[in-house]
Structures are given as C-alpha cells and as structure tokens.
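As structure tokens, the structure follows; a few thoughts come after it.
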Amino acid sequence: MALTFYTNPMSRGQIVRWMLEEVGEPYETVVLDYASTMKADDYARINPMKKVPAIVHDGRVVTECAAICAYLAEAFPQAGLAPTADERADYYRWLFFAAGPLEQAVTNKANGWEPSEERSRMFGYGSYDLAVDTIDHHLRGHSYVTGDRFTAADVYVGSAIMWGTQFGTLPALDSFKAYGERLSSREAYGRGKAIDNGLIAEMQAKQGADA
C-alpha cells in the first residue's frame, strides 16, 4: 500500500512527520511551497483547503493532524499506537480536546481576543485559563494521555503542549515541561525533527542562493 505525505517542514506537518516515524512504515514525502505548489490545482484536488499536511494512503486522502494521527494508528496496528479498550475513553477525549477547545483557546488568545465572561458559554472552551487548567490537571496525574503508555494521542496532544510552551502561547507549567521532556526523548521524535530540520536548512540555503 502506497503512503504519500504532503508537507512543508515549517508547518504542522512536523506533527505528522513524527507520527509517521513512530509508525515505522515506508512513506514518500512531497514538500510543497506555500506560494506555489501548495496553491496549485494538483494539490487542491487532494486538499481543497490548499494547506498541509495531508496523506494519501492506498488512494485514500486524510487531512487534519489529529485525524491523520488516529488514522495511521489504526491503519498500522502493529506499531501499537492505537488505544486498547481500556484506553479508548481518555484517548479520544484528550485528542479531541487538544484539537478543539485547547486549539481554539490558544489561537484566539494569541491573536489578542478572548470571550467576555458573559459570552464564554458560546465558546466550547469557555476561557483560555479554563482550557489550560483542564489539560494541566489531567497531565499532573498521568505520564501520557491514556495513563502510563504512549499512544498516537500523545503525538498530537504533545505537539500542542510542546509548541505552546516553546512559543509562549501556553504557560511553562511543571506538568507541561515534564510531559514534553518525556516525549522529546523518543527516538521517533528525534528522527522526525532531524528530517524536517534538514529540509528547512535546504530551503533556507536555496533562498539564500536565489537572493
């Protein structure tokens, strides 16, 4: 079965790169440029949003980082990244929490906007502080999203936590720092970072040569 990964190394494609390295199956990488190939008709037929990342697996298209992580875990069960029956509740709960309420709270606050107390009921996250406190409370009592075992949910939730603390959109809480340290020590995480950092260096070198 063919597996093709569409990405730009300076994007959330890094989440999917990490997940692919955790899966350990061969895949082809297609690097797209924001200004040209990502907006071209060929890619629009894969993702009409004209954004990365996306994967095509045996002719089937999957977009959205959380969905890709969950899909790959199920498509390649031998990697052991899908939840067991006992883990399923926490796995889906926190995967969707990170992709929904936490993402919305962080991006809104980063853009200088938060709902008033009167309007907070209209928003799934209520308030930024509530969303942060909620995931902090869970991670203070769990090594990983589902407990003591790493799953695909940790790739997505962990990326959100690590990026947020790195760029200051999330506070550097003790639970976040400890969680990030556990995840960043994984071999697959290191391999993915090395690949994307290499691609970024190549792109920057080319831009410098063209300048």
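Quick note on UniProt numbering: the sequence shown kicks off at 1 and runs consecutively.
Ideal Cβ positions, reconstructed from N, Cα and C, are used throughout, including at glycine.
Fewer than three Cβ pairs drawn from the region 99-110 and the region 33-53 lie within less than 8 Å of each other, which leaves the two stretches out of contact. Rounded to whole angstroms, L32 and E118 show a C-alpha spacing of 43 Å. Residue environment for Y34: exposed (fewer than 16 other C-beta atoms within 10 angstroms of its C-beta). Secondary structure within the UniProt domain "GST N-terminal" (1-80): the beta strand (DSSP E) runs of 3 or more consecutive residues, fully enclosed, are 3-7, 28-31, 54-57, 60-63 (chain order). DSSP places G112 outside both helix and strand once states are collapsed to three, so it counts as coil. Within the DSSP secondary-structure output, G147 pairs in a beta bridge with Y144. The C-alpha of S175 is placed about 22 Å away from the C-alpha of P83.
Each residue's CA atom was taken as its position, placing G80 and G208 some 42 Å apart.
Excluding residues up to 5 positions away in sequence, nothing lies with its Cβ nearer than 6 Å to the Cβ of A201 in the same chain. By the Cβ neighbour-count rule, E21 is buried, with 16 or more other Cβ atoms within 10 Å of its own.
Around the CB of N111, fewer than 16 other CB atoms lie within 10 Å, so the residue is classed as exposed. When C-beta atoms of the region 122-141 are compared with those of the region 55-73, fewer than three pairs fall below 8 Å, so the two segments do not count as touching.
Cβ-Cβ distances below 6 Å link G158 to L183 in the same chain, with the five nearest sequence neighbours on each side left out; the list follows chain order.
Per DSSP, reduced to three states, the secondary structure at T134 is helical. If you check the CB distance, P77 and L199 do not come in under 7 Å. In the DSSP annotation of this structure, the continuous segment of the alpha helix (DSSP H) that includes F97 starts and ends at 88-97. Here T107 is exposed, its C-beta having fewer than 16 other C-beta atoms within 10 Å. Here S120 has G126, S127 as same chain residues with Cβ atoms under 6 Å from its own Cβ, once five neighbours each way along the sequence are excluded. At a Cβ-Cβ threshold of 7 Å, M19 and L95 do not count as neighbours.
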